Amino acid sequence: MSLFNIFIELFTDTTLRTITIGTMVLGAASGMLGSFAVLRKESLLGDAISHAALPGIILAFMFTGSKESYILLIGALIVGLIGTLWIRGIIHTTQLKTDAALGLILSIFFGFGMLLLTYVQKLPDANQAGLDKYLFGQAATLVSQDVYILGGVTMFALLVLFLFWKEFKIMLFDADYAKTLGFNVKFIDILITFFIVLTIVLGLQTVGVVLMSALLLAPAAAARQWTNSLSKMVALAAFIGALAGLIGTGISASEENLSTGPVIVIVASALVLFSFIFSPIRGILFQQIRLHQNRNNLEQMKTLQLMFNIAIKHKDFTHPHSIGILNNFRGFPKSSLNKMVENEWIQISGNQWNLTETGFKEAKEMFHSNTENHE
Amino acid sequence: MEKDRIAIRVDDLTVAYNYKPVLWDIDLVIPEGVMMAIVGPNGAGKSTLIKAILDIVKPIAGSVQVFGKPYKNQRKLVAYVPQKGSVDWDFPTTAIDVVLMGTYGSLGWIKRPGLAEKKAALEALEKVDMLSFKDRQISQLSGGQQQRVFLARALVQNASIYIMDEPFQGVDATTEIAIVNILKELRKAGKTLVVVHHDLQTVPEYFDWVTFLNVKKIATGPINDIFNDDNLTKTYGINYKVAIQK
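Same order as they appear, the protein sequences are chains A and B.
With my numbering, you'll find the first sequence wraps up at 375, consecutive numbering, no jumps.
With my numbering, you'll find the second sequence wraps up at 1246, consecutive numbering, no jumps.
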């Protein structure tokens, strides 16, 4: 089957369509809220929360005996929030740094979750099979009800984001200052953290506890490369997240045994790599090109200065001189002379060059006072 | 009418981070209309003092009054210029956007800045001579320009009291003079200025009041009365004029 046909099928086949829409909405929500996590320098919080949510899933199953995704995710949400509060508590009350607190909670909760998982799996009840799917996620288990929940939460997050946009922005940039203006920074903080935790939890079914943080961070990191505006960054991160969901689901549908979650994460990472290299604003490639151009420009300006200093010795600055005279001072590339002709700074006829009016002005104004100090 | 109104009154203020007192039992009265420098060595608690006044840092004891009422009821009268280094300048936003944040307080929750706010922000940028940089991404501004943007953000608040944390740190001479001139203009307009300042040489030139601080308050008053070797020695532990080798 060709790739094109697969992408057609993603939206026509009913089962596939549910999964595709689910992963796209998830990608969009993670990208949107992940931007805030990245800008708050709390990228690792996502990782800690998603790992911390594992025991919540297993405990929810143990208490209810149900494997309905929304019940398990409520368990994940509660334990995830407890983990988050705990992390905040450790940072505030002890001298431990943020990274240590995150690492601590991540490993304690995840370890406890694995312990519970192995315990449940040994129970003589066949019903527990499939809980381990939450480790790496399984998009195939998405049903329309999950997609409705995902869509509902995303819409709600969007509404809150829209309402409190200005408050989120000022809190992200300068929380202390926001406080002096009378904003309840704690409330904004809790609001945004709650939505980040909620998004992570919703992603567990599809992407799993281990990889969910990547889906949160990758679209935001990629989007930051393309824009210097917060609103554009958030919108772009949502788009990139959705794109990763779409492409990832398509690729995984084209082959047997390609797990959707990891493929989505790899696609998202590829988009990050692409952005880091090719973004015109911050990309490595264009930075190198600009650096090269600047060097060439400087080279030309230096040559122009040299010519200027020779030319002003004559009454008529357009008086021609031999090209050879330049070599007495310093070497110069032929190409840079040609560029200067293109700029109409100089004219060349045979072995002679002469400064033009434009070139004279350009050289004179280059450093204002500098030119007068030269002999 | 009332001549000697008190802009800020601090009573018995004590602040500690993890057992270690940073500010000890500070009493401070700042009269309206003065231009006060807060000076003291590193770790003297200068920044902490203004953060405690602004309720950013919670004191262990003590109270702060602004024009006779608790600070919380008087927020709109006070504008804060934090240290330039306290924020991430790589944040995706522009100079005008940062200045607009100064209007958020009077807007309150949810409401967005409109035309009137934009106009005020542009005027503030004009005052600090940054109008041509209004759409510049803030990471592409120089240190001095970033400081001017911060100042413009406070100007937009149109407050009665301006509290600034080292506004001259890491700025060039041109910016320093520009900022001083704006501060002097504010003073002429009857505003009260409280500025954490590091450069002792310029204190008498820029300010008319000074507070010496080193965990405890050493002295506070008009420059002419108290800016002397005695207080400098008490604050810095050495007689800095004698200690500098000539």
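The beta carbon of each residue, even a glycine, is placed where N, CA and C say it ideally should be.
Quantities reported herein were computed from a predicted structural model and do not represent experimental measurements.
C-beta neighbour in chain B for residue i, strict 7 Å
| i | result |
| --- | --- |
| A:Met233 | yes |
| A:Leu355 | no |
| A:Leu181 | yes |
| A:Leu191 | no |
| A:Lys339 | no |
| A:Leu45 | no |
| A:Asp99 | no |
| A:Leu230 | yes |
| A:Phe376 | Summary: the structure shown does not reach residue 376 of chain A, with chain A confined to residues 1 through 375, and so no result is reported for it. |
| A:Tyr70 | no |
| A:Leu163 | yes |
| A:Lys166 | yes |
| A:Asp125 | no |
| A:Ile149 | no |
| A:Asp316 | no |
| A:Ile188 | no |
| A:Ile170 | yes |
| A:Tyr177 | yes |
Exposure of residue i, with buried meaning 16 or more beta-carbon neighbours within 10 Å
| i | result |
| --- | --- |
| A:Gln95 | exposed |
| B:Pro1059 | buried |
| B:Glu1117 | buried |
| B:Pro1113 | buried |
| B:Gln1147 | buried |
| A:Ser69 | buried |
| A:Asn228 | buried |
| A:Thr20 | buried |
| A:Asn370 | Its pLDDT being 42, under 50, A:Asn370 is placed unreliably by the model, and nothing is read from it. |
| A:Gly111 | exposed |
| B:Gln1300 | This structure does not reach residue 1300 of chain B, given that chain B is present from 1001 up to 1246, and the question cannot be answered. |
| B:Lys1217 | buried |
Within-7 Å CB hit, residue i to chain A
| i | result |
| --- | --- |
| B:Phe956 | With chain B covering only 1001 through 1246, there is no way to say anything about residue 956 of chain B. |
| B:Met1101 | yes |
| B:Val1087 | yes |
| B:Thr1192 | no |
| B:Met1001 | Residue placement at B:Met1001 cannot be trusted, given a pLDDT of 41 that sits under 50; what the coordinates show is reported in the next sentence. Not closer than 7 Å to any Cβ of chain A, the Cβ of B:Met1001 fails to qualify, so no. |
| B:Thr1048 | no |
| B:Pro1021 | no |
| B:Arg1148 | no |
| B:Gln1137 | yes |
| B:Pro1082 | yes |
| B:Leu1155 | no |
| B:Gly1105 | yes |
| B:Ile1110 | yes |
Nearest-angstrom Cα separation, counted from residue j out to residue i
| i | j | result |
| --- | --- | --- |
| A:Phe274 | B:Gln1157 | 42 Å |
| A:Ile192 | A:Phe168 | 8 Å |
| A:Met233 | A:Val341 | 43 Å |
| A:Lys97 | A:Met114 | 26 Å |
| A:Phe63 | A:Leu54 | 15 Å |
| B:Thr1235 | B:Asp1025 | 16 Å |
| A:Phe183 | B:Tyr1162 | 19 Å |
| A:Glu362 | A:Met301 | 9 Å |
| B:Leu1232 | B:Asn1214 | 11 Å |
| A:Gly261 | A:Leu216 | 13 Å |
| A:Leu72 | A:Ile58 | 7 Å |
| A:Arg295 | A:Leu285 | 16 Å |
| A:Lys179 | B:Lys1046 | 19 Å |
| B:Val1081 | B:Arg1153 | 8 Å |
| B:Arg1136 | B:Phe1150 | 14 Å |
Boundaries of the alpha helix (DSSP H) in which residue i is found, first to last residue
| i | result |
| --- | --- |
| B:Val1057 | Per DSSP, B:Val1057 belongs to no alpha helix (DSSP H) and is neither H nor E. |
| B:Ile1182 | Ala1173 to Lys1188 |
| A:Phe286 | Ile284 to Ala311 |
| B:Arg1009 | Where B:Arg1009 is concerned, there is no enclosing alpha helix (DSSP H), although the beta strand (DSSP E) it sits in stretches over Ile1006 to Tyr1017. |
| B:Val1039 | Note, B:Val1039: premise wrong, no alpha helix (DSSP H); beta strand (DSSP E) at Met1035 to Val1039. |
| B:Phe1133 | Counting along the chain, B:Phe1133 falls outside any alpha helix (DSSP H), and DSSP gives it neither H nor E. |
| A:Ile277 | Thr260 to Phe278 |
N-terminal and C-terminal residue of the beta strand (DSSP E) that residue i is part of
| i | result |
| --- | --- |
| B:Tyr1162 | Ile1161 to Asp1165 |
| B:Lys1217 | Lys1216 to Pro1222 |
| B:Gly1062 | Ala1061 to Val1066 |
9 Å Cβ cut-off: residues of chain C touching residue i
| i | result |
| --- | --- |
| A:Thr227 | The structure shown contains no chain C; its protein chains are A and B. |
May I ask you to verify whether the region 1049–1058 of chain B touches the region 1067–1076 of chain B, counting CB pairs closer than 8 Å and requiring at least 3? Three or more beta-carbon pairs drawn from the region 1049–1058 of chain B and the region 1067–1076 of chain B are found closer than 8 Å, and the two stretches are therefore classed as touching.
Indicate whether the contact test is met: 3 or more Cβ pairs, each with one atom in the region 139–155 of chain A and one in the region 202–210 of chain A, closer than 8 Å. Yes, the region 139–155 of chain A is in contact with the region 202–210 of chain A.
Decide if the region 1033–1043 of chain B is in contact with the region 1195–1208 of chain B; the criterion is three or more beta carbon pairs, one per stretch, under 8 Å apart. Put simply, the region 1033–1043 of chain B touches the region 1195–1208 of chain B. At least three CB pairs are less than 8 Å apart.
Is the region 19–31 of chain A touching the region 236–243 of chain A, taking contact as three or more C-beta pairs under 8 Å? Touching, yes.
For the region 1118–1125 of chain B and the region 1094–1109 of chain B, state whether three or more C-beta atom pairs, one from each stretch, are separated by less than 8 Å. Counting Cβ pairs under 8 Å, three or more are found: they touch.
Taking 8 Å as the threshold, find out whether the region 1012–1027 of chain B comes into contact with the region 342–359 of chain A through three or more Cβ pairs. Look at the beta carbons and you see the region 1012–1027 of chain B not touching the region 342–359 of chain A: under three pairs across the two are nearer than 8 Å.
Would the region 186–201 of chain A count as touching the region 44–52 of chain A if we require 3 or more Cβ pairs under 8 Å? Using a C-beta cut-off of 8 Å, the region 186–201 of chain A makes contact with the region 44–52 of chain A, since at least three inter-stretch Cβ pairs fall below that distance.
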